[in-house]
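S.K.: Quick note, the numbering used here runs 1380 ahead of the 1-based positions in the sequence shown.
Just so it is clear, CB atoms sit at the ideal spot from N, CA and C, and this is done for glycine as well.
These numbers were taken from a predicted model, which means no experiment stands behind them.
Once you've had a glance at the structure underneath, I'll fire off some questions.
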Amino acid sequence: MPPATANTLTAELWAGIGGSADASARLARSADELPGALPSSFAVEAFAAGAFGALGLAAAEWAGDGAGSVHLDPVGVASAIRSEQALRVDGEPPASPWDPLSTIYEAADGWVRLHGNYAQHQAAIEKVFASKDAEAVASAIAQQEADAVEAALHRAGGVAAAARTLDAWRSHPHGRTVGDRGLVETRLRLDRGTAAGEPRRPRVLELTRVIAGPTAGRALAWFGADVLRIEAPDHDELLGVVQDFGVGKRSVQLDLHTPEGRLAFLDLLAGADVFLHGIRPGALERLGLGAEQRAAVRPGLIDVSLSAYGDTGGWAGRRGFDSLMQLSSGLAIAEAAAAGTDPGPGGLPHPRALPCQILDHGTGLLLAAATLRALAGRADDGRGRTVVGSLARTAAQLAEHGGQLLDAGAKPAPVAAGTVEFTGEHGVTLHAPVPVSVDGLNAGWRLPPPLPGTADPVWID
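Here you go:
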């Protein structure tokens, strides 16, 4: 396979979300000039550029006849795909979100990664190991098989991932399920809204956490959407995530476990164009807010769902994060092997992280692109669409672009402070801009990141 470039990955990812080959010709050819800021055995930087390129092509398609060529800033890609590192608040970078428990542990037969950045996941670790001390947890894991640790933590409501090779994941029952799915799938529904008078500023109701889902909402806000984010009363999102991924959005507090909260949600949904959610499969159905109910409340809704491992198969309800998916899917073991890391337990080298959270950011960007395409389609026929993406499917796509040797000492280029400045409730914040533009289409965030739950539950356009 020839080396991947920004243009070839844009064409591939654009096709993966259903885009036509003719439309991909809008991308300016200068996009191939990537600086090599994200060294990896996988085409991480080109994949990131391709995701931004697909977003730009989708924005041009959504904008219609007034849109022209799509331009990608190749130098800006590496900062934008690591936007959480480009964030500055009153001149300072955010504190590290990583808890000491969130690391890779040596098991009896391999490696396993835990995630303890959130209180509920720390509680699950304590439940399984009777301790939240990292050394005690490491000692306990060393006596167990990696798969057993992974399973025990998920049963306890936590998150973990045993390290696998690429081939082991591809032959795993759920790995095969993921491999059979499209990159981002868009399904046409029968419910129909009003095609005429599509708003130039789509209304997006967002119910997501962490990075991937908020990335999608933030990208839609960049291209003009009114994004209203729902926060739970027991909001515990990491501050840096709120500050970086909340830019361009408003934030409302709703308790969907109460009748009043569900009524307020349904009122907002009735006026929305897009519902973007990253809740585990089945959770909204248990609240009486399933897909059928949503389509009945808002015929023609663009219903966009994100999950870690997909919405079908035995692991459909499993929690996951980018750092964990890199181990589950085989990417981290392949990256370590390419760097010449010596084999460890089970013959597996110590997993090596990719140079950025490409699965989170890439999935979010591709979901945003597919959402814009769905809005363009609805403008023609008025019909609702369901858009489905997952971290696991993005990982499978990236895995097709590996196999390069990697210098063990290679490090990503430093991330400069963002250049988009706002003054708001968090102080003065700097953000990395979205590195793609469309001739004839004004883009850019309009709002600073809000404090959680400070907006009224109403649409403003």
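Hey, Gly1769 and Leu1746: beta-carbon distance below 8 Å or not?
M.R.: Cβ distance < 8 Å, so Gly1769 and Leu1746 count as in contact.
S.K.: Going by Cα to Cα distance, which pick from His1637, Gly1496, Gly1593 is closest to Asp1683?
M.R.: Closest option to Asp1683, Cα to Cα, is Gly1593.
S.K.: Could you compute how far the alpha carbon of Ala1779 sits from the alpha carbon of Leu1707?
M.R.: Rounded to the nearest angstrom, the two C-alpha atoms are 12 Å apart.
S.K.: Tell me, which residues are paired with Ser1685 by DSSP?
M.R.: Its beta-bridge partners are His1657, Val1768.
S.K.: Starting from Arg1678 and walking both ways along the beta strand (DSSP E), at which residues does that stretch end?
M.R.: Neither: Arg1678 is in no beta strand (DSSP E) and is coded neither H nor E.
S.K.: Run through DSSP, which three-state label would Asp1571 get?
M.R.: It is a strand residue.
S.K.: Measure the alpha-carbon distance for Val1529 versus Lys1512 and round it to whole angstroms.
M.R.: In a straight line, the C-alpha of Val1529 is about 15 Å away from that of Lys1512.
S.K.: With burial defined as no fewer than 16 other Cβ atoms inside 10 Å of the residue's Cβ, what is the status of Gly1820: buried or exposed?
M.R.: So Gly1820 counts as exposed.
S.K.: According to DSSP, is Glu1845 helix, strand or coil?
M.R.: Examination of residue 1845 is not possible in this model, given that the chain is present from 1381 through 1841 alone.
S.K.: If I measure Cβ to Cβ from Leu1646 and keep anything under 7 Å in the same chain, skipping five residues before and after, which residues do I get?
M.R.: Cβ within range, chain order: Val1677.
S.K.: For Pro1829 and Thr1595, I'd like the C-alpha separation in whole angstroms.
M.R.: Roughly 13 Å between the two C-alpha positions.
S.K.: Give the DSSP-derived three-state secondary structure of Phe1802 in the structure shown.
M.R.: The answer is strand: DSSP assigns Phe1802 an E or B state.
S.K.: Alpha carbon to alpha carbon, what distance is there between Ala1428 and Leu1414?
M.R.: If you take the alpha carbons of Leu1414 and Ala1428, they lie about 11 Å apart.
S.K.: DSSP state of Asp1453, grouped into three classes?
M.R.: Of the three classes helix, strand and coil, the one that applies to Asp1453 here is coil, per DSSP.
S.K.: Run the CB neighbour count on Thr1566, radius 10 Å, all protein chains shown included, and call it buried at 16 or more, exposed below.
M.R.: Buried.
S.K.: Taking only the alpha-carbon atoms, compute the straight-line gap between Gly1433 and Val1767 and give it to the nearest angstrom.
M.R.: Cα-Cα distance, rounded: 19 Å.
S.K.: I'd like to know if the stretch 1437-1456 and the stretch 1706-1721 are in contact, where contact means that at least 3 CB-CB pairs between them fall below 8 Å.
M.R.: With the cut-off at 8 Å, the stretch 1437-1456 and the stretch 1706-1721 do not touch.
S.K.: DSSP three-state call for Arg1732: helix, strand or coil?
M.R.: It is coil, neither helix nor strand.
S.K.: In the DSSP assignment, find the unbroken alpha helix (DSSP H) run with Glu1665 in it and report its ends.
M.R.: Per DSSP, Glu1665 belongs to the alpha helix (DSSP H) from 1663-1666.
S.K.: So what does DSSP say about Val1607, is it helix, strand or coil?
M.R.: Here Val1607 sits in strand by DSSP.
S.K.: Quick check: Thr1751 and Val1654, are their CB atoms within less than 8 Å of each other?
M.R.: Cβ distance < 8 Å, so Thr1751 and Val1654 count as in contact.
S.K.: Is the number of C-beta pairs between the stretch 1655-1673 and the stretch 1635-1642 that are closer than 8 Å three or more?
M.R.: Short answer: they touch.
S.K.: Mind the definition here: the stretch 1787-1797 touches the stretch 1448-1455 only if three or more C-beta pairs lie below 8 Å; say whether that holds.
M.R.: The answer is no - the stretch 1448-1455 does not touch the stretch 1787-1797, with fewer than three Cβ pairs under 8 Å.
S.K.: So, are the CB atoms of Val1584 and Leu1656 less than 8 Å apart?
M.R.: Against a cut-off of 8 Å, the Cβ pair of Leu1656 and Val1584 comes out as a contact.
S.K.: May I have the straight-line CA-CA distance separating His1495 from Ala1540, to the nearest angstrom?
M.R.: For His1495 and Ala1540, the distance between alpha carbons rounds to 6 Å.
S.K.: Which residues share a DSSP beta bridge with His1811?
M.R.: His1811 pairs with Val1800.
S.K.: Per DSSP, which one or two residues make a beta bridge with Glu1586?
M.R.: Its beta-bridge partners are Arg1609, Leu1656.
S.K.: On the three-state DSSP scale, how would you describe Leu1755?
M.R.: Residue state, collapsed to three classes: helix.
S.K.: Output the boundary residues of the beta strand (DSSP E) element that contains Val1816.
M.R.: It spans 1816-1818 - the beta strand (DSSP E) in which Val1816 sits, taken as one unbroken run.
S.K.: Kindly list the residues whose CB is nearer than 6 Å to the CB of Val1508, restricted to its own chain and excluding five residues on each side of it in sequence; keep chain order.
M.R.: Excluding residues within five positions, the ones whose Cβ falls inside 6 Å are Ala1532, Leu1533, Ala1536.
S.K.: Determine the extent of the alpha helix (DSSP H) in which Ala1514 is found, giving its start and end residues.
M.R.: Residues 1514-1521.
S.K.: Quick one, are the C-beta atoms of Pro1803 and Leu1686 less than 8 Å apart?
M.R.: In the sequence on display, residue 1803 carries Thr and not Pro. Not a contact, by the Cβ cut-off of 8 Å.
S.K.: Less than 8 Å between C-beta atoms, sequence neighbours within five positions excluded: which residues of the same chain meet that for Val1787?
M.R.: Note that residue 1787 is Asp in the sequence shown, not Val. Here the set comprises Pro1419, Ala1719.
S.K.: Here's a check: name, in chain order, each residue in its chain whose Cβ is nearer than 6 Å to the Cβ of Ala1644, leaving out the five neighbours to either side.
M.R.: Here the set comprises Leu1634, Pro1837.
S.K.: How would you write the range of the beta strand (DSSP E) that Ala1488 sits in, first residue to last?
M.R.: Counting along the chain, Ala1488 falls outside any beta strand (DSSP E), and DSSP gives it neither H nor E.
S.K.: From the DSSP secondary-structure annotation, give me the bridge partner or partners of Val1632.
M.R.: Partner(s): Ile1610.
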